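A.B. asks: The structure is given below, and queries will be raised subsequently.
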């Protein structure tokens, strides 16, 4: 194993161990409530970046995938009382199929047309769920949490740990894609699709793959949210805010490297959590917008791009 | 316009027509290219040269017409499949992968189009050897956006070479270059041709076409108006009329 990979997996183990210890030591429940949301956005932003960042296909359908993950859980719990791991796996499978279908239908479109199609997807699915009474319809549905599994003594603590696992899984997949031939192919097609095809890159197949993986991960991340909130309604589950926040986090962090969306998600979702608690939930939307504008103007390649640029400048200055 | 003799062609284009709405860009074009041939493609602006290249490389679908590459009909194959079969091209306006270095540009080709399954180390060695042949060895880790015009042209040819082509299509690789740079690129193309790579060269610079080509074809308004040795084509009255408008 290469040195970078050893460092990455060591970091992942330390992170999971720290999260686990936190669930065993910290008594106050608020850090877990807030931390769950931050982890959820890290996983969403990283998953989004596989298609939106590496391939450059700006997907506004994060809320569609997230919402389908939520409602896959609602259905499974309602129908079979399915356990959490099954909810997540089913969410991932449905997300993969949805990504495949979305990809087949829309990936021949480019730029703004693809983005509009993904918004349309959100609206179509939300409308369908709103009219499906079995999963609560427009009024929403209450979900009872089952008993918590040992060694956790609180369900939210367990969800916090599960979400940390999903973060590690998502980041590991994203990192693998970036460093492999898949990432190079996606980067090539993002730069120039015709040139990529004429260099041997199967562009449609790679875009489909990115769409499937990204969709599966976003749905999987949505699945535990049902148990986290103990309630689901279409307006919240398919809220466009998920799409906008995820996109903003990835762009602010930088999409050229797998770590960019993590940095962006930590920065933005932590700020949002702090503002929600200290001022109001409305102000955090304003701050999100302002930060996005600032970064688009000042650092269009995000924080990662800015750091690379500064390093490059320093190197040049040094020589 | 097809070959005489027994040698089977590497590329056979039969009755190819390409329309854009009501405009016919190529009209019933048929031509054979021999293996290892240096083939010049000329014609005034808008005559259909790049359209023909786009049809061969798969960027455009043709209707009707057939393209045979070796023994295989490739008319309906996607561009990346044609590249893997051995058709590589450069672009009239260079299209580098801008977010990558020169080395990474070539690695894309080696990752996706190389025929043999070789290790990453071997691929890197191949990449460096191609870059050195093209005189770009020192630029391997430079961003593609920082290359000069002639370097960009060379990088496009290097990237095309990294796909291990049997047929290389060079689309005005010398446009906008100084005379010494034209000679540099021409020498590169001649050295590639000496390695049994069939080359179709689209060019406006007549000295280069004359020096390079074994056969030349001239298109005008989507039709073949002359094909033969460079001197035959240059002395053809219709070619002179197409270029000079007399």
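Chains as they are written, first to last, in our numbering: chain A, 39 to 357; chain B, 795 to 1040.
All residues carry an ideal CB built from backbone N, CA and C; glycine is no exception.
All figures in this text were calculated on a predicted structure; none of them were measured in a lab.
Who are the neighbours of residue 219 of chain A on chain B, taking C-beta pairs under 9 Å?
C.D. replies: The contacting residues are 901, 902, 905, 906.
A.B. asks: Taking C-alpha atoms, which residue in A/132, A/96, A/221, A/119 lies nearest to residue 265 of chain A?
C.D. replies: Taking only the C-alpha atoms, the option nearest residue 265 of chain A is A/119.
A.B. asks: Taking the alpha helix (DSSP H) that residue 196 of chain A falls in, what are its first and last residues?
C.D. replies: Note, residue 196 of chain A: alpha helix (DSSP H), 193–217.
A.B. asks: Quick one: grab the DSSP three-state call for residue 187 of chain A.
C.D. replies: Coil.
A.B. asks: State the CB to CB distance for the pair residue 966 of chain B and residue 924 of chain B, rounded to an integer number of angstroms; the pair is presumed to be in contact (CB under 8 Å).
C.D. replies: That pair is no contact at about 21 Å.
A.B. asks: Considering just the uninterrupted stretch of the alpha helix (DSSP H) at residue 906 of chain B, what are its terminal residues?
C.D. replies: Residue 906 of chain B -> alpha helix (DSSP H) spans 896–907.
A.B. asks: Using DSSP with H/G/I as helix, E/B as strand and the rest coil, what is residue 180 of chain A?
C.D. replies: Strand, per DSSP.
A.B. asks: Quick check on the DSSP output: the alpha helix (DSSP H) that includes residue 249 of chain A runs from which residue to which?
C.D. replies: That run of the alpha helix (DSSP H) goes 241–260.
A.B. asks: Measure the Cβ-Cβ separation of residue 176 of chain A and residue 272 of chain A and say whether it is below 8 Å.
C.D. replies: Yes, Cβ-Cβ distance for residue 176 of chain A and residue 272 of chain A is below 8 Å.
A.B. asks: Can you round the beta-carbon distance between residue 327 of chain A and residue 298 of chain A to whole angstroms, since I take them to be within the 8 Å contact cut?
C.D. replies: Actually they do not touch by this definition, with Cβ atoms about 20 Å apart.
A.B. asks: So what does DSSP say about residue 866 of chain B, is it helix, strand or coil?
C.D. replies: The answer is strand: DSSP assigns residue 866 of chain B an E or B state.
A.B. asks: Whose C-alpha, out of A/295, A/318, A/296, A/322, is nearest the C-alpha of residue 386 of chain A?
C.D. replies: Outside the shown range of chain A (39 to 357) lies residue 386 of chain A, about which nothing can therefore be said.
A.B. asks: Going along the chain, which residues of the stretch 945–974 of chain B sit with their C-beta nearer than 7 Å to a C-beta in chain A?
C.D. replies: So the list reads 953, 957, given in the order they occur along the chain.
A.B. asks: Along chain B, which residues have their Cβ under 8 Å away from the Cβ of residue 342 of chain A?
C.D. replies: Going along chain B, no residue has its Cβ under 8 Å from residue 342 of chain A, so there is no contact; the nearest lies around 13 Å.
A.B. asks: Report, in whole angstroms, the separation of the C-beta atoms of residue 963 of chain B and residue 994 of chain B, which I expect to be a contact under 8 Å.
C.D. replies: Correct: roughly 5 Å between the Cβ atoms.
A.B. asks: Residue 918 of chain B versus chain A: which residues are under 7 Å apart at the beta carbon?
C.D. replies: Here the premise fails: no neighbours, minimum Cβ distance about 13 Å.
A.B. asks: Which same chain residues end up closer than 6 Å to residue 48 of chain A when comparing Cβ atoms and leaving out the 5 residues on each side of it in sequence?
C.D. replies: So the list is empty, once near-sequence residues are dropped.
A.B. asks: Please confirm whether residue 1009 of chain B and residue 1023 of chain B have their CB atoms less than 8 Å apart.
C.D. replies: For residue 1009 of chain B and residue 1023 of chain B, yes; Cβs fall inside 8 Å.
A.B. asks: The beta strand (DSSP E) that contains residue 961 of chain B, what's its start and end?
C.D. replies: Unbroken beta strand (DSSP E) run through residue 961 of chain B: 961–965.
A.B. asks: Excluding sequence positions up to five away, which residues of its chain have a Cβ less than 8 Å from the Cβ of residue 854 of chain B?
C.D. replies: Answer for residue 854 of chain B: 812, 845, 848, listed in chain order.
A.B. asks: By alpha-carbon positions, which one of A/347, A/333, A/309, A/289 ends up nearest to residue 85 of chain A?
C.D. replies: Comparing Cα positions, the closest option is A/289.
A.B. asks: For the stretch 65–98 of chain A, list the alpha helix (DSSP H) runs that are entirely contained and at least 4 residues long, ordered along the chain.
C.D. replies: You should have 68–87.
A.B. asks: Consider the Cβ of residue 334 of chain A: report whether some Cβ of chain B lies at a distance smaller than 8 Å.
C.D. replies: No, residue 334 of chain A lies away from the interface with chain B (no Cβ there is under 8 Å from its Cβ).
A.B. asks: So what does DSSP say about residue 1019 of chain B, is it helix, strand or coil?
C.D. replies: Residue state, collapsed to three classes: strand.
A.B. asks: Kindly provide the ranges of any beta strand (DSSP E) runs that are 3 or more residues long and lie completely inside the stretch 810–845 of chain B, ordered along the chain.
C.D. replies: Taking only runs of at least 3 residues, the beta strand (DSSP E) segments lying wholly in the stretch 810–845 of chain B are 817–827, 832–836.
A.B. asks: Taking Cβ positions only, does residue 233 of chain A come closer than 8 Å to chain B?
C.D. replies: Yes, residue 233 of chain A lies at the interface with chain B (some Cβ there is under 8 Å from its Cβ).
A.B. asks: Looking at C-alpha atoms only, which residue of A/137, A/122, A/98 is the closest neighbour of residue 282 of chain A?
C.D. replies: If we check each option's Cα against that of residue 282 of chain A, A/98 comes out closest.
A.B. asks: So what does DSSP say about residue 849 of chain B, is it helix, strand or coil?
C.D. replies: Three-state result, residue 849 of chain B: helix.
A.B. asks: Below 8 Å on C-beta distance, what does residue 853 of chain B contact in chain D?
C.D. replies: Annotation note: the requested chain D is absent from the structure, which comprises protein chains A and B.
A.B. asks: So is residue 919 of chain B buried or exposed if we call it buried at 16+ other beta carbons inside 10 Å?
C.D. replies: So residue 919 of chain B counts as exposed.
A.B. asks: Going by DSSP in three states, residue 1010 of chain B sits in which element: helix, strand or coil?
C.D. replies: If DSSP states are grouped into helix, strand and coil, residue 1010 of chain B belongs with the strands.
A.B. asks: Nearest to residue 901 of chain B by alpha carbon, out of A/167, A/198, A/202, A/222?
C.D. replies: Here the closest residue by C-alpha is A/222.
A.B. asks: Give me whichever residues DSSP pairs with residue 269 of chain A in a beta bridge.
C.D. replies: Paired residue(s): A/180.
A.B. asks: Which residues in the same chain have their Cβ closer than 8 Å to the Cβ of residue 861 of chain B, if we skip the five residues on either side of it in sequence?
C.D. replies: Cβ within range, chain order: 805, 806, 807, 808, 810, 849, 850, 867, 868, 869.
A.B. asks: Determine whether the beta carbon atoms of residue 830 of chain B and residue 990 of chain B lie at a separation below 8 Å.
C.D. replies: A contact, by the Cβ cut-off of 8 Å.
A.B. asks: Using a Cβ cut-off of 7 Å, pull out every chain B residue sitting near residue 240 of chain A, in sequence order please.
C.D. replies: Chain B residues near residue 240 of chain A: 874.
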